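Residue numbers (this note's numbering), protein chains in the order written: chain V, 272 to 457; chain W, 50 to 336.
Glycine residues also receive a C-beta, built at the ideal position from the N, C-alpha and C atoms.
Please read all numbers here as calculations on a predicted model, not as lab measurements.
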């Protein structure tokens, strides 16, 4: 079902449509919260808060074109609020809980799935070593796929600053990945 | 023709591109001038010698003595090179550097792989109960919503880093207002307590244990009077044992209290007997 139709039905109070909307975006919201909070329980709580907020504001006529950026913005704000309320530890040893399962669904065979899962774990660990600003910019640009203009509006910084930050963050991440596994990319 | 003119035309002469009108002058000068003849022979010899390749470490040695390694600049430009947004000239320079620098070459290989791997981290599956939790919070009755909201707000309040400090501060302000500030009914409690103590047979400065024993004695006497019969022997024996056991302790406590009052008042201890409590209460009020 298309997003516009789902949103319309949710505004009309269709519980099934609402459940479908939650299931459609739960992975994305949870994934983004996990990148900020690095803790599964906290990320689930923050994600639930996000969806509750979405449910309350559905009637304000959020269109399908801006729904995803708006959802990601709410997720970001909820995660940062939680980070401010407690000191979140950057636990680079915490394994992303769904790495293997999510990658296995996309890979061609078991061997490729294992390799992809180990690469994902490696990148997750390297992301944990980045500073908050660099990790956030990569999360928004490379992981969530927002364009530079949207990121500039979200972070309230000039477009040029976003571009240079993206390049710097990529280079830093590559350096951390190569420290963890010098053969990455071969 | 002089030597300077000969040197200027030497390269073109050797390449066969010298102007025709100068050829006679060049050859005549080469025949006549030994220095220019020697120069001509050297240039001919260098053209025929095969070029040698410089060692790879030569470039690094030169960079170490001049600007330092170019890896910093290459690292800044590599992401743009991978993205395809780098200009042609810069791209050639970075590629040339990557051919010679293993670290930058590894980064050049890692960056495209990262571009492919990072989007895979966009989605992570939460617990299977996640969607049910969201639906429970968004579709139940208004009363449960209110209680859930109150519980959530309380949970957020408790998570505040200085919650204990703020709570203690508010509690202190409250107690201050109740018991210390003038005009408050609760601030009269201390005087009321003193008046009660002055008329109460229980000692003001008595320990909690002694107050408990006295209360038990009073309760026993009341029970005897009500029942009109002697209490069971067990209670009497318990009371007797208690008095016998605690007598030394009570004596010691009494001596300590006497010394304290002596030091506090700067005079002798209050007189023993029924006037003791009234005297103590009066001295406290005077203080």
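With its beta carbon at least 8 Å from every one in chain W, residue 389 (chain V) lies outside the interface. In the displayed model, residue 95 (chain W) falls within a helix according to three-state DSSP. Leaving aside the five residues that flank residue 330 (chain V) on each side, the residues in its chain whose CB is nearer than 8 Å to its CB run, in chain order, 282. Between residue 401 (chain V) and residue 440 (chain V), the C-beta spacing is below 8 Å.
DSSP, read as helix, strand or coil, puts residue 136 (chain W) in coil. For residue 421 (chain V), the CB contacts under 7 Å within the same chain, skipping 5 residues up- and downstream, are 340 in chain order. Contact with chain W is absent for residue 340 (chain V), since none of that chain's Cβ atoms lies less than 8 Å from the residue's Cβ. In the three-state scheme derived from DSSP, where H, G and I count as helix and E and B as strand, residue 442 (chain V) is classed as helix.
When V:297, V:315 and V:328 are compared, the shortest CA-CA separation from residue 284 (chain V) is found for V:328. Rounded to the nearest angstrom, the Cβ distance from residue 396 (chain V) to residue 451 (chain V) is 6 Å, consistent with a contact under 8 Å. The DSSP assignment places complete alpha helix (DSSP H) segments of no fewer than 4 residues inside the region 171-215 of chain W at 179-187 and 191-207, in order along the chain.
Contact note: residue 217 (chain W) does not reach chain V at a C-beta cutoff of 9 Å; the least C-beta distance is about 20 Å. The residues 455, in chain order, have a CB closer than 7 Å to that of residue 449 (chain V) in the same chain once the five nearest residues on each side in sequence are set aside.
By the Cβ rule, the region 288-307 of chain V counts as touching the region 315-322 of chain V, because three or more pairs are nearer than 8 Å.
Against residue 305 (chain V), the close residues of chain W are 173, in the order they occur along the chain (beta-carbon pairs closer than 7 Å). Residue state for residue 128 (chain W) is assigned as helix, using DSSP reduced to three classes. Per DSSP, the continuous alpha helix (DSSP H) segment holding residue 340 (chain V) begins and ends at 335-356. Bounds of any alpha helix (DSSP H) do not take in residue 457 (chain V), whose DSSP letter is neither H nor E. DSSP places residue 82 (chain W) outside both helix and strand once states are collapsed to three, so it counts as coil. Excluding its 5 nearest sequence neighbours in each direction, residue 74 (chain W) has C-beta neighbours in its own chain below 6 Å: 50, listed in chain order. Only those residues of the region 434-453 of chain V whose C-beta falls short of 8 Å from the nearest C-beta of chain W are listed: 437, 438, 439, 441, 442, 444, 445, 446, 448, 449 and 453.
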